[in-house]
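Quick note, the sequences are listed as chains A and B, same order.
First residue of the first sequence? That's 1 in full-length UniProt numbering, and the numbers climb one at a time after it.
First residue of the second sequence? That's 1 in full-length UniProt numbering, and the numbers climb one at a time after it.
Don't be surprised by glycine CBs; every beta carbon is placed ideally from N, CA and C.
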Amino acid sequence: MPSYKLTYFKGKGRAELARLLFAAGGIEYEDVRVEGEQWAELKPKTPMGQLPILEVDGTMICQGKAIGRLIAKEAGMAGKTHLNQARADMICDGLDDLGMKLMPLFTEKDENKKEEMKKEMTEKTLPSFFDLFEKLASAEGYFVGDSLTWADVNFFAFLGVISGFNQGDHLQGYVNLNKVMGNVSSNPGIAKWLKERPVTQF
Amino acid sequence: MSSYKLTYFNGRGRAETTRLLFAAGGIKYEDVRIEGAQWPALKPNTPFGHLPILEVDGVTLSESATIARFVAKRAGLAGEGDVQQARADMVVDAVRDVFGKVAAAFFEKDETKKGELIKELAENTLPTFLNNVEKLANPSGYFVGDSLTWSDIEFYYVLEAAGGMCPGDHLKDKPNLTKVVTNVKTNPGIAKWLEERPQTTF
Numbered sequence: 001m002p003s004y005k006l007t008y009f010k011g012k013g014r015a016e017l018a019r020l021l022f023a024a025g026g027i028e029y030e031d032v033r034v035e036g037e038q039w040a041e042l043k044p045k046t047p048m049g050q051l052p053i054l055e056v057d058g059t060m061i062c063q064g065k066a067i068g069r070l071i072a073k074e075a076g077m078a079g080k081t082h083l084n085q086a087r088a089d090m091i092c093d094g095l096d097d098l099g100m101k102l103m104p105l106f107t108e109k110d111e112n113k114k115e116e117m118k119k120e121m122t123e124k125t126l127p128s129f130f131d132l133f134e135k136l137a138s139a140e141g142y143f144v145g146d147s148l149t150w151a152d153v154n155f156f157a158f159l160g161v162i163s164g165f166n167q168g169d170h171l172q173g174y175v176n177l178n179k180v181m182g183n184v185s186s187n188p189g190i191a192k193w194l195k196e197r198p199v200t201q202f
Numbered sequence: 001m002s003s004y005k006l007t008y009f010n011g012r013g014r015a016e017t018t019r020l021l022f023a024a025g026g027i028k029y030e031d032v033r034i035e036g037a038q039w040p041a042l043k044p045n046t047p048f049g050h051l052p053i054l055e056v057d058g059v060t061l062s063e064s065a066t067i068a069r070f071v072a073k074r075a076g077l078a079g080e081g082d083v084q085q086a087r088a089d090m091v092v093d094a095v096r097d098v099f100g101k102v103a104a105a106f107f108e109k110d111e112t113k114k115g116e117l118i119k120e121l122a123e124n125t126l127p128t129f130l131n132n133v134e135k136l137a138n139p140s141g142y143f144v145g146d147s148l149t150w151s152d153i154e155f156y157y158v159l160e161a162a163g164g165m166c167p168g169d170h171l172k173d174k175p176n177l178t179k180v181v182t183n184v185k186t187n188p189g190i191a192k193w194l195e196e197r198p199q200t201t202f
């Protein structure tokens, strides 16, 4: 059994996907959270000067999605065939595209501009993405096949980021997507983690 | 034996690494290139409303990184084992970040903004990226293990794309990366494709 050490800042951010997947797979890992000086010291030792990083049996992996995919494979949640794995990858890439669109909103400092961007997000950007994702999720609430994959978990994590930023029922009316959320949050390992995880600002 | 149909616009853009991978793997595929006028009719029939898409065995995949990873697996170029595959994924994620910035600069219509984006690429993004990945490539010129993987090919391509936008000898003092480029260009399938591929503006 490999030993896993996940390092990130003190929040959910780009590491929560990994944590949810470790939980779903019942895989033990060291959940390291750093800040300030610890980060300054660690940064030059990371492959690309960024977090999260995952150390597994002496190898360092960075990039949130690469880490997520690796843990998903370990947890048997990557998709059963190459094609299914690709469908899962595709969903996760699509979520990244959406994340990129929303980045300017998360980093905007001007309050007025921020309000405008929030409006754009809730009235246009999110609905058009959710319309697409609704068609990609099955009626049973899975993006790939008929069981939980990291695509479902990633979607769940992503909604967490949005809700943290803007309260509201973003998935009202999206039957399949609501089912996805339910499937993820009721996974026993994940349900336990959601109860126990540290409450953080981001 | 699967049948593969890749659809994109008439250019290299976000489809070229997949074409390079098909070439490296000696895998036959239909290389469909559509004109602008054909796009509106096709768009609603794609998972996320953008190209490229890959149709394989009745399934449609979108998201260029997903498609490339899938073809890499089929071509035996994804990496051996989960951890190596994750290392390859990690490099590709970093490559794609840079490619996104190259694409943004390429498509920017405002000449002043374009100039700024190109400057940022040349002075900041590219040098930082190249410094990071020089350390990740080994002296034999591979990012993962001791043979070609899709991470080497993705790197080759982003350099080709960025070089078009920011001329210069970016690999001066980068012996490992120089070897990576050579390894990619001298792969027989890729060498043949580089000679024969259509010449396009992007």
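Residues of chain B whose Cβ lies closer than 9 Å to the Cβ of A/Leu132 are, in chain order, Pro47, Phe48, Gly49. Put simply, of B/Ala103, B/Val144, B/Glu120 the residue whose alpha carbon is nearest the alpha carbon of B/Tyr157 is B/Ala103. Against chain B, the CB of A/Arg87 has a partner CB under 9 Å away; the residue lies at that interface. Annotation for A/Phe9: the continuous beta strand (DSSP E) segment containing it runs 4-9. Looking from the CA of A/Ala24, the closest CA among A/Ala78, A/Gln50, A/Phe9 belongs to A/Ala78. For A/Arg19, no chain B residue has a C-beta closer than 8 Å to its own C-beta; the minimum C-beta separation is roughly 17 Å. B/Ser2 counts as exposed, since fewer than 16 other beta carbons sit within 10 angstroms of its beta carbon.
In the three-state DSSP reduction, B/Phe9 falls in the strand class (E or B).
Excluding residues up to 5 positions away in sequence, Ala23 lie with their Cβ nearer than 8 Å to the Cβ of B/Lys192 in the same chain.
Annotation for B/Val92: Ser151, Glu154 place their beta carbon closer than 6 Å to its own, counting only its chain and skipping 5 residues before and after. By the Cβ test, the segment 87-98 of chain A is in contact with the segment 149-158 of chain A, since at least three Cβ pairs between them sit closer than 8 Å. Counting only runs of 4+ residues, the alpha helix (DSSP H) found wholly inside the UniProt domain "GST N-terminal" (2-79) of chain A occupies 16-24, 36-42, 64-74, in chain order. In the three-state scheme derived from DSSP, where H, G and I count as helix and E and B as strand, B/Ile67 is classed as helix.
At the C-beta level, A/Phe156 and A/Val184 come within 9 Å of one another. Look at A/Ser185 here: in three-state DSSP terms it is helix. For A/Arg69, at least one C-beta of chain B is nearer than 9 Å to its own C-beta.
Beyond the five residues adjoining it in sequence on each side, B/Ala88 comes within less than 7 Å, by CB distance, of Ala78, Gly79, Phe143, Val144, Thr149, Trp150, Ser151 in the same chain, given in chain order. Residue burial is scored here from C-beta neighbours: B/Thr66 has at least 16 other C-beta atoms within 10 angstroms and is therefore classed as buried. In chain order, Val175, Asn176, Lys179 place their CB closer than 8 Å to the CB of A/Ala139, counting only its own chain and leaving out the 5 sequence neighbours on each side. It is roughly 10 Å from the alpha-carbon of A/Gly13 to the alpha-carbon of A/Leu51. Interface annotation, B/Phe107: not in contact with chain A, CB-CB separation never under 9 Å. Residue pairing for B/Val59: DSSP places it in a beta bridge opposite B/Val56. B/Glu111 carries a helical assignment under DSSP once its states are collapsed to helix, strand and coil. The beta-carbon of B/Glu63 is placed less than 9 Å from the nearest beta-carbon of chain A. Within chain B, no residue has its beta carbon less than 7 Å from that of A/Val153; the closest one is some 17 Å off.
A direct Cα-to-Cα measurement between B/Lys28 and B/Tyr4 gives close to 7 Å. B/Ile27 sits in coil when the DSSP states are folded into three classes, being neither helix nor strand. Distance from the Cα of A/Gly99 is smallest, within the candidate group A/Met1, A/Val161, A/Thr46, A/Phe143, for A/Val161. Between the segment 61-71 of chain A and the segment 126-145 of chain A, the count of C-beta pairs closer than 8 Å stays below three; the two stretches do not touch. Interface residue (Cβ-Cβ distance to chain A less than 9 Å): B/Met1 is not classified as such.
Check the Cα spacing between B/Lys185 and each of B/Gly115, B/Arg74, B/Gly141, B/Val59: the tightest is with B/Gly141. Boundaries of the alpha helix (DSSP H) harbouring B/Leu130: 126-136, taken from the DSSP string.
Under DSSP, the beta-bridge partners assigned to B/Ile34 are B/Phe9.
Boundaries of the alpha helix (DSSP H) harbouring B/Val180: 175-185, taken from the DSSP string.
The beta carbon of A/Phe158 sits closer than 6 Å to those of Leu95, all from its chain and outside the five residues before and after it, given in chain order.
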